[in-house]
Amino acid sequence: MPMKLFVGDIVELKKQHPCGNKQWEVMRIGADFRIKCLKCEHQLMLPRSSFEKSIKKIIKTVENAIDKQDA
Numbered sequence: 093m094p095m096k097l098f099v100g101d102i103v104e105l106k107k108q109h110p111c112g113n114k115q116w117e118v119m120r121i122g123a124d125f126r127i128k129c130l131k132c133e134h135q136l137m138l139p140r141s142s143f144e145k146s147i148k149k150i151i152k153t154v155e156n157a158i159d160k161q162d163a
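The sequence shown lines up with residues 93 to 163 when you count with the working numbering.
Here you go:
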């Protein structure tokens, strides 16, 4: 079952980026994820399966705005 991730979430990956940072912001979700390094702002696309395996922890989550309006 896919993880519950939203655009704007901050995640820590298992391996660090060559710039030395491990924290990434989720920019796009779906079958592929677009993530952005928070230090150097480099962006890359990863397939969902490899991205979910590489997540160590979710640092900050953004709740879905639609769910907030319904409550």
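Glycine is no exception: its CB is placed at the ideal position from the N, C-alpha and C atoms.
When you compare only the Cα positions, how much space is there between residue i and residue j?
| i | j | result |
| --- | --- | --- |
| His109 | Cys129 | 8 Å |
| Lys96 | Gln135 | 21 Å |
| Ala123 | Glu155 | 20 Å |
| Asp101 | Ile150 | 8 Å |
Which residues does DSSP list as the beta-bridge partners of residue i?
| i | result |
| --- | --- |
| Gln115 | Glu104 |
| Arg120 | Arg126 |
Report the option in the options whose CA atom is closest to the CA atom of residue i.
| i | options | result |
| --- | --- | --- |
| Gly112 | Met137, Cys132 and Met119 | Cys132 |
| Pro139 | Arg126, Leu105 and Glu104 | Arg126 |
| Gln115 | Ser142, Val99, Lys106 and Ala123 | Lys106 |
Using three-state DSSP, classify residue i as helix, strand or coil.
| i | result |
| --- | --- |
| Lys172 | Residue coverage of the chain in this structure runs from 93 to 163, which leaves residue 172 outside it and unanswerable. |
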